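Residue numbers (numbering that gives the first Met the number 0): 0 to 598. Note that CB positions come from ideal geometry on N, CA and C, so glycine has one too. In this text the structure is predicted, and so the values were computed from the model without any measurement. Worksheet: one structure, shown below.
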Amino acid sequence: MSSRFIRIYTPNPTTTRGTSTKIVYSEHAHPTTVARFSPSGYYAASADSQGNVRVWDTAGPEKILKSQFKVISGRINDLSWDGESKRIIAVGDGRGKFGHAFQFDTGSSCGEIEGHSKSLNAVIIRNERPFRAATAGDDGTIVFYTGAPYKYQKILQRAHTNFIHTLAYASSGSHFVSAGADYKVFLWDGTSGDQSKELIDVDSKTAHKGTVFAAAWSPDGKSIATSSADCTVKLWDVEAAKSTTTWKLGTGVDHHQVGNTWTSSNLVISLSLIGVLNVFDPRTGDKPIKIIEAPTKSITSGALFDQQPSSYFVGSSDGKIHNLTLHESFDTDPTQGFTHVTGGGHTNLVVDMASGHQQNIWTVALDDKLREISVSGSETATHFSPTVYSLSSQPKSMSASSDGHTFVVEVSSIEVIRGSQKVTSLSLKYQGSSIDIARDGSNIVAVGGEDSKIRLYKWNSNGTLTESGELPEAQKGVITAVAFSPNGELLAAGDSSGKITVYDIKERKVSINKWTNHATRVYSLVWTFDGAHIASASLDTHIYVWDVAKPLKIIAIKNAIPRGAWSVAWVPNSVVDGKGKLLGSGADGAVRVWEVVFH
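Structure follows, in structure tokens:
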């Protein structure tokens, strides 16, 4: 058996309120804060919350690491390459110093960053000789440097009266722009650092009516796009120093515009605080030509809706849910895939999801709520239904039956719900951790416990749940995932130690007890539709595909999901001719697709 990576559906940038976001690399051990391509395009540099900078090759899927350095002692907020793709300046919230200039390959110092008294938010380097650099931050000052090596030249005229969030050079290097929390935008001479002009909207007497988080130049250097907490994106004519276009993007905190870029194809992309990318064509329209939605946090659960068109729903650690419309060939534009499910959703981490017998998806979260996403006709839902049920305690896992009931295992009970009404509940003398119900009509429910045991229950036609015995103890830790085979004859169980066991339900015995490849907690188990293979996802970042008939035949997809794999699913109708397509998602917020060949 073998596997082949097909594609990745990437997450949108993570945002933080009140912070500029700099617009899938995943090798940082700490949250990544900024990434920039080198002017040559051969390398990219990324930085994290602990002061580390990694320089890596942009060619190929491996993203081979070129160099890594710890440049300051705290969070890095921004970095910039010089025009020769040889030097980098990184700035942020360090202790002792707020920035560092260094050679990208050796880490050797190539200047001193000084003149500031508070954290730095932005840095730029002029791409043309003579090289110049500028830094700005919470002290409201801009420091100008000559280089290379980069040396302090002067503090620019104190034009800003509050935090400065962004700096950007025009591609020609003739000017650079600054913007910040005082709602103001200034232009500066790119060589001397002298103030050139202020961009002022005649209505507001400043550039915006809220903090300006980002500014980007057009490729020809004649225009600037600014994004602000006043929920607008504005285009400015540089020569005339006036606004030519204003795009309003809703109201409220979610629509604060916290980052932007101007692409080489002359499109402006602005990032909303909620994580939505808004794409504008400066030549046409008064609204975005495209809105790109995707998760912005770790994906913590997933569920497959296998009716047409099939969709993969994913829930995140921030309570948001997105669905990914699945295409048979996977050759469509990946940015068209995700849709945000809106309206009355969860407020905390999504614990589990399940596909109902009707056209719906059920979800439970750490807000102790059960919610429904309805799918009407052949169109994938983008809105929660009004149906909501308040659980008795914190949910651990859930499953949905073919007769329209949802089963939720909580810390010390099982609740059975139909719609928004509780049908029954059963107190447990142990702590439950996972649950699944057979879909073959037998109505057998398997519940995994934190005591390493698996109990079986019978769902009766009179609406009661009765215990019907235990399976042999074969696990080493908490039972973190259980999954019945499509015909209900076998049950796969994974635990917190990484062990997977397959049980024969009729005989109540262990069928397979050799799968110990995972190093830690198994989060998800899913059978192929023919019951011949099982895919597993684990906190150890790996995904394995197991052959039930030949237990020693294993497909290993190593390092499949950086920082942990939480969910796997087989694409409907894809397991044919000895092949299948497998979806995986997890801590990095992306969804990946592999083709698996069953030899």
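Beta-carbon proximity of residue i to residue j, cut-off 8 Å
{"i": "I298", "j": "V275", "result": "no"}
{"i": "F624", "j": "Q256", "result": "As shown, the chain starts at 0 and ends at 598. That puts residue 624 outside it, with no answer to give."}
{"i": "S171", "j": "I123", "result": "no"}
{"i": "S310", "j": "K296", "result": "no"}
{"i": "S269", "j": "V237", "result": "no"}
{"i": "L524", "j": "A480", "result": "yes"}
{"i": "V340", "j": "K368", "result": "no"}
{"i": "Q393", "j": "S411", "result": "no"}
{"i": "G136", "j": "I154", "result": "no"}
{"i": "H321", "j": "E292", "result": "yes"}
{"i": "G73", "j": "R94", "result": "yes"}
{"i": "W187", "j": "S177", "result": "yes"}
{"i": "I436", "j": "S396", "result": "no"}
{"i": "I413", "j": "L425", "result": "yes"}
{"i": "G497", "j": "T519", "result": "yes"}
{"i": "G476", "j": "S451", "result": "yes"}
{"i": "N265", "j": "P281", "result": "yes"}
{"i": "I75", "j": "I112", "result": "no"}
{"i": "A531", "j": "V567", "result": "no"}
{"i": "V509", "j": "T500", "result": "yes"}
{"i": "K69", "j": "G98", "result": "no"}
Proximity winner among the options, relative to residue i (alpha-carbon distances)
{"i": "D494", "options": "A46, K117, F483 and I478", "result": "I478"}
{"i": "F103", "options": "V54, K508 and K69", "result": "V54"}
{"i": "K319", "options": "F383, Q256 and S271", "result": "F383"}
{"i": "K183", "options": "L166, S467 and R74", "result": "L166"}
{"i": "I511", "options": "H541, E472 and K62", "result": "E472"}
{"i": "D138", "options": "Y8, G114 and N126", "result": "G114"}
{"i": "L455", "options": "I112, A445 and F143", "result": "A445"}
{"i": "L348", "options": "V363, H339 and N359", "result": "V363"}
{"i": "A586", "options": "S300, I434 and E506", "result": "S300"}
{"i": "V350", "options": "A302, V267, T225 and G98", "result": "A302"}
{"i": "E541", "options": "L470, G583, I504 and E469", "result": "Per the sequence presented here, residue 541 reads as His, with Glu not at that position. Measuring from the Cα of H541, the nearest candidate turns out to be G583."}
{"i": "R562", "options": "D539, W569, D546 and P550", "result": "D539"}
{"i": "Y144", "options": "P129, R157, A158 and H321", "result": "P129"}
{"i": "R131", "options": "A158, A169 and H159", "result": "A169"}
{"i": "P287", "options": "L248, W261, T262 and L323", "result": "L248"}
{"i": "Y157", "options": "H598, T140 and E414", "result": "Strictly speaking, residue 157 in this sequence is Arg, with Tyr absent from that position. The candidate whose alpha carbon is nearest that of R157 is T140."}
{"i": "R125", "options": "E111, Y149 and K117", "result": "Y149"}
{"i": "D202", "options": "D435, I413, T243 and P30", "result": "T243"}
{"i": "Y522", "options": "S433, D229, G209 and D188", "result": "S433"}
{"i": "A133", "options": "N161, S191 and S566", "result": "S191"}
{"i": "K428", "options": "E409, R417, N442 and D439", "result": "E409"}
{"i": "T283", "options": "W246, T14, S1 and T160", "result": "W246"}
{"i": "D56", "options": "D47, W458, L272 and R35", "result": "R35"}
{"i": "I533", "options": "F4, S263, A564 and F483", "result": "F483"}
{"i": "T14", "options": "D285, A228 and W514", "result": "A228"}
{"i": "K457", "options": "A121, I504, T500 and Q474", "result": "I504"}
{"i": "N572", "options": "D529, D92 and L551", "result": "D529"}
{"i": "S401", "options": "T463, S535 and N359", "result": "N359"}
{"i": "S354", "options": "I290, S373, P38 and H345", "result": "S373"}
{"i": "W216", "options": "R370, T262, D92 and E488", "result": "T262"}
N-terminal and C-terminal residue of the beta strand (DSSP E) that residue i is part of
{"i": "A150", "result": "Rather than Ala, the amino acid found at residue 150 in this sequence is Lys. From DSSP, the beta strand (DSSP E) with K150 extends over K150 to I154."}
{"i": "F600", "result": "This structure leaves residue 600 out entirely; the chain is present only between 0 and 598."}
{"i": "Y144", "result": "I141 to T145"}
{"i": "G119", "result": "Reading off the sequence, residue 119 comes out as Leu, not Gly. L119 -> beta strand (DSSP E) spans L119 to I124."}
{"i": "I163", "result": "I163 to Y168"}
{"i": "V232", "result": "T231 to D236"}
{"i": "S398", "result": "P394 to A399"}
{"i": "K421", "result": "Q420 to S426"}
{"i": "N442", "result": "Per DSSP, N442 belongs to no beta strand (DSSP E) and is neither H nor E."}
{"i": "H115", "result": "Premise fails: H115 is in no beta strand (DSSP E) and is neither H nor E."}
{"i": "S584", "result": "K578 to G585"}
{"i": "H159", "result": "Taken as a continuous stretch (DSSP letters only), H159 belongs to no beta strand (DSSP E), as it is neither H nor E."}
{"i": "Q194", "result": "Q194 to L198"}
{"i": "Q102", "result": "G98 to Q102"}
{"i": "D188", "result": "V184 to D188"}
{"i": "D503", "result": "I499 to D503"}
{"i": "P385", "result": "F383 to S389"}
Minimum Cβ-Cβ distance from residue i to chain B less than 8 Å
{"i": "A473", "result": "Among the chains in the structure shown there is no chain B, since it carries only a single protein chain."}
With a threshold of 8 Å, are at least 3 pairs of Cβ atoms found where one atom belongs to the segment 569-576 and the other to the segment 547-558? Short answer: they don't touch.
At least 3 beta-carbon pairs within less than 8 Å: the segment 56-65 vs the segment 79-91: The segment 56-65 is not in contact with the segment 79-91.
Which full runs of the beta strand (DSSP E) of 3+ residues lie inside the segment 40-92, going along the chain? Complete beta strand (DSSP E) runs here, min 3: 42-47, 51-56, 64-69, 75-80 and 86-91.
Entirely enclosed beta strand (DSSP E) segments - the segment 245-295, minimum 3 residues: With a minimum length of 3 residues, the continuous beta strand (DSSP E) runs that stay inside the segment 245-295 are 256-261, 267-271, 276-279 and 289-291.
Completely contained beta strand (DSSP E) runs for the segment 526-572, where each covers 3 or more residues: With a minimum length of 3 residues, the continuous beta strand (DSSP E) runs that stay inside the segment 526-572 are 532-537, 542-546, 553-556 and 564-569.
Ordered list of beta strand (DSSP E) runs contained in the segment 333-369, each at least 3 residues: Within the segment 333-369, the complete beta strand (DSSP E) runs of at least 3 residues fall at 337-340, 349-354 and 359-364.
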